């Protein structure tokens, strides 16, 4: 906490509490203690006071205990030399300020001074004949409910309380427009040297009021209290909290109401004091002048006070600076703004995902045989990502003949407070779906084998290369708002540039591969579950560890980790390993516990490293099935794609009937095919050397990976020793082949 | 908990002789563990092994057979309390009661016996008739039983607590293996003799307590009757549910062989109306009834009851499928929209329900996806462009509509391009993902598509 | 030798959460009494080993427009009552319904497209005419549901209505409206235990207490998937009794709607003789669907036929041992 801010806030609080006290006594003298005090059209009395104190103010005398309480919260201004944390004192002062400000507004209603009328000029819409424009005053209950529901259900992302005046009228309008565009509710109050943003907007003909989501409260700082009263009433209405539950009400606002204060122009003591009050709600303040930052997060979700001196904001002109200022506000509060419609000139939706663009209908293609094309998504620091920015580097479509090609590099930069490096490939894979959703655009492949075609019709409608960026940005933000805060896209179309950046991307792909390869069960303390299949196999739980993919082959450990961040209540939950019960068989107490609870208490033990004792259950989606062949002292691996008879005397579908449905069947286990290349392939049972038979489709499709694996365990010839359906479809045939080829399993210890 | 396949395998001869019908001993062991095979299928299993395995493989609830031939009813061998734990195997037999002093007993029996109804290609029927010795007279009973047996070829239950009446009625129908109802604390010795003499299953009724019922059942067993059906005597719906539940638990969870038998219930005796009887009968279908004897026989309620029985006794792990073909809803014509979906029954029901609700005459093509829902089938490769195209070509829809649009489920939008390649001349449209959005799609989106043509 | 059998009982750690519907004058509403559902500490009707403090209840389905596509059996049974939701609701109450499930079908954008304000007024009229707690359903189209239910929620603030349907793709606005106006929300998932749990989590994460949520597991009609619903409900209730918090909400089933839309409850002609008389058959269809749902753990069955109300009330009473 900055001493300067603390001192200013405490000074401001002392001042406004004294003012309130004075005005109250004057009012009681003038109107009597029983003079009714009320804000119009609300059942919440003076809401901030009601929320903090549980105290109903109905007449002037009721304000006395409020002022008394505010005074108790005051502190002396800290000395120059003192360097202590002042957070507590500052927050107390903030609350005192809010109570005093609300009392003053109450008294103003008694005096007939509210809602404020300002001289706006007769040409201003809404002004009366003498040019007086009536401001809004507190928001009424009907409006509160209507907006409250939208704030709670997420249609309205949050609200901004703007206090002061912008650098110019132009900037004021730009700021408000930027906020409105995002559906953010705007409350206006305060002034700088007598000039308020309200004046600025009215002069520019901006319509104010409920209909435009832009509500003018008053030209002074004190009227900003209505914004906090609105927040307090939201919490009372929608949070199920009772008056006086101050802590709960404030927490409700912190976690559920995405609001912030935007201080425009010089920040005086009263503004500091009011901002301190807002901080206790968890609402940060962003100032466009130079003031000390209060960055450590704590009371607010992120920073408390952020200074962004307007003239120092990078940008070509004031309008760009205003845009960036608003962007900063949104980031600081963590307001999530979704783009509901993908801004491209062709239709967009899942309906177009499967559409093909044939050669004759094609305007241009990237990748395939015609040119090189890649896509690369990386995580950057927030200040390196300019939200929504799309840059096309290199030639456009114009110079390319119909049916021609260009190289293309799609570099997607994302930043987010919850983003992790490990999520890069997960998000990157989504580009395929995203781009395919556009009518007349076809996307195949990924990484550096990406292949994109755009149809003539799409180009005729105005679709251009930059729109690929629009799609990625809009969809990333709407699908992954839990982890992505902002996205920028660079599209390279020049050969040299593409080659240069592709080298970068390829280095990243290699790093990722190595990261995945280096990710071991030992290197993590948490596995993930997958219960997606419980709809038809109610007792089945997949436990996914770094060295074993889900049995369907669709989810690896990183996918599950990302999926959990994106959808915390979804089917992928973290499973801390807990205490190791048996390191050889791979049994942990927490894993057992988790599986027991999530299998309807039907599976009480669960091992990772053996198929002979409490193996993972099988839902029915498995890519392969491993089954013990006792006669051969080993196992066979049968692929779902292999319709032939296996040496176990059963085909895949018969075996699947025995093992599927969420049953634990020692001696049989469904697995994803890449499990065969894992170092943790049934290690407790003897590992890869146990494989005596394997569907040839597996051998063919994974030959290289398998070969590498076999060589690494000192069995470079293992592949040739493993039988398949072409040489053995019965135990007898299998044994003969194994003998002939000298398979290592024959001389290993008995499997059980 | 039963033994695992591996544990069973250790006890088997490991000769892979294949005489059990399975290719290997391990495969047989796995089947045994899944309770999909009987140990007796192995001709070479050692006595020691038999003993070790029998305890684990003998069914906890005895399979009892009533009736003979095509009409025989097998009840028992259940292994779970809840159908989602595995499945319920042997559906209860539905009987209707006629009285021996009822003038039209034979005619009533014939109506019951003749009742048949088809549902999803399956024949459903009542199991047979229960003849009650309401007259209290042995000769009347014997005559009525004989009449009923002649009129009805289904399974029979003889209801009398008088051993003399039972003795009079049995000889003529013993070859039909009727269920003798019932031995009680008073008459059990005589009833046991009759059951033994005629080799018929015997119901044991004891309303006092479960202990008393078990004691009586034990005596009956010891006296030499193996095929037993239990009646805990509770008649009120609540008490009956409690008793049936407790007996099932004793048999399955405590492995108490003394009560490991099918149960018989009389829902009408607790009901205030025919409707209530139907409800309580349904309740016994769900909760552990083996023989359900009704006092009212009305096709309108029997059909509903048999349908419920069919549903409850469906294996939850084997999805029910509907027949892959074209289904037409409403007054279809050549301009009607054509939707396609999979043959998983729930998928079909939800789509069909929403199509019907939309009021738009529509063709629905059901593609064979081995009973999987759209997404699952797609993921498993059972609902791909090739399969869809094959169905569309084979079902003859091209002759029924003049347009060439086919609407795919939204979840498989990625197939649209491939489908168009497989079906030259057709345009694949992407419909809604969820069935609930079908109605708006048919009412609003479809006309705009057709309009565009 | 006499055998002594110990009656096997199961003691459960978990308990179904009690949800109170309706509010009396003292509680900020206008109902004569409230209806509480849930609270079970045992499987359905197994009172010998646990408590069922609140027996399942029957809700009668009432529409705010005359239902054009209903089975003739239903239309004949209700007669002119279907022309006015007030009369209809009054008759249902007189027949013994404990709740009125008011469907605001008039607001269907593909039908009359009545405004949210009109719908809210209808709800007020029904509230004025009967003193039972109300369940209120929108037209079933997400956007309109939201508009209509927000208006209804506000106009009837404090009445503790149950508002539906919340689904995973559309729950936030309805939950917000419940939060702001003191109502209960009904959440429907597509016959899936995990999706139901997830929906419960999402709804309660918005701040709606669990004692203000009812679970609708999606009801399959008899012969049309009822066994899926049956097993999903048994599993949900099993989870609840085992202590899994997110399955501990009371269950509601739209029995009448599912039973009566099937061919078996509609078709009099062109069907096999073995199907029997249409009127009886339809009634059987609804009754057995209801009985199955009750046996699987339903706390509220929403019924359509006037006679079903009394019959199912009787069945519940007898299964409760009363």
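Residue numbers (the numbering used here), protein chains in the order written: chain P, 1 to 752; chain S, 1 to 453; chain G, 1 to 322.
Using N, Cα and C, we set each Cβ at its ideal position, and we do this for glycine too.
In this text, all values refer to a predicted model and were calculated from it rather than measured experimentally.
Asked	Found
Residue burial classification, residue 197 of chain G (beta-carbon count within 10 angstroms, cutoff 16)	buried
Straight-line gap, residue 48 of chain G to residue 16 of chain G (C-alpha atoms, nearest Å)	17 angstroms
Nearest residue (CA-CA) to residue 350 of chain S, options G/225, G/138, G/215 and G/167	G/225
DSSP state of residue 159 of chain S mapped onto helix, strand, coil	strand
Contact with chain G by residue 413 of chain S, beta-carbon distance below 9 angstroms	no
Euclidean distance between Cα positions of residue 539 of chain P and residue 247 of chain G	16 angstroms
Classification of residue 449 of chain P by the beta-carbon crowding that lies within 10 angstroms, buried from 16 upward	exposed
Among P/52, P/129 and P/89, nearest to residue 98 of chain P - alpha-carbon criterion	P/52
Outcome for residue 713 of chain P when other beta-carbon atoms lying within 10 angstroms are tallied against a minimum of 16	exposed
Own chain residues within Cβ distance below 6 angstroms of residue 137 of chain P, not counting five before or after	114 and 115
Contact residues within the segment 722 to 735 of chain P, judged by C-beta distance below 9 angstroms to chain S	730, 731 and 732
Contacting positions in the segment 222 to 241 of chain S - beta carbon closer than 9 angstroms to chain G	236, 237, 238, 239 and 241
Neighbourhood of residue 442 of chain S by C-beta distance below 8 angstroms, restricted to the same chain and skipping five residues each side	337, 355, 358, 360 and 362
Whole-angstrom distance between residue 643 of chain P and residue 367 of chain S, CA atom to CA atom	22 angstroms
Closer than 8 angstroms at the beta carbon, the chain P residues around residue 154 of chain G	145
Extent of the continuous beta strand (DSSP E) run through residue 271 of chain P	That residue, residue 271 of chain P, is in no beta strand (DSSP E); its alpha helix (DSSP H) goes 269 to 280.
Nearest-angstrom Cα separation, counted from residue 223 of chain P out to residue 597 of chain P	54 angstroms
Of the listed residues P/710, P/594 and P/727, nearest to residue 744 of chain P (C-alpha basis)	P/710
Nearest neighbour of residue 513 of chain P, chosen from P/646, P/444 and P/426 [CA to CA]	P/426
Residues that residue 97 of chain S bridges to, as DSSP identifies them	S/130
Inter-residue spacing [alpha-carbon to alpha-carbon] between residue 89 of chain S and residue 368 of chain P	56 angstroms
Reference residue 391 of chain S; option with closest CA among S/343, S/242 and S/203	S/343
Close beta carbons around residue 173 of chain S, own chain, < 8 angstroms, minus the five adjacent residues each side	145, 146, 149, 156 and 158
Partner residues on chain P for residue 403 of chain S, Cβ-Cβ distance less than 7 angstroms	Within 7 angstroms Cβ-Cβ: nothing; residue 403 of chain S doesn't reach chain P, min ~18 angstroms.
Any chain P beta carbon closer than 9 angstroms to residue 367 of chain S	no
Straight-line Cα distance separating residue 199 of chain P from residue 326 of chain P	20 angstroms
For residue 5 of chain P and residue 286 of chain P, believed in contact at Cβ under 8 angstroms, the rounded distance	Not confirmed; about 14 angstroms, so no contact.
Chain S within 9 angstroms of residue 3 of chain G, Cβ atoms only	yes
Residue ranges of each beta strand (DSSP E) within the segment 583 to 639 of chain P, 3 or longer	624 to 629 and 634 to 639
Pairwise C-alpha distance: residue 429 of chain P and residue 171 of chain P	40 angstroms
Beta-carbon proximity check, residue 152 of chain P vs residue 238 of chain P, cutoff 9 angstroms	yes
Candidates P/363, P/696 and P/729, of which the one nearest residue 720 of chain P by Cα	P/696
Which of helix, strand or coil DSSP assigns to residue 215 of chain G	strand
Distance, residue 256 of chain P Cα to residue 140 of chain G Cα	28 angstroms
In DSSP terms, what residue 25 of chain S is bridged to	Per DSSP, none; premise fails for residue 25 of chain S.
Option nearest residue 384 of chain P by Cα separation, candidates P/396, P/485, P/477 and P/406	P/485
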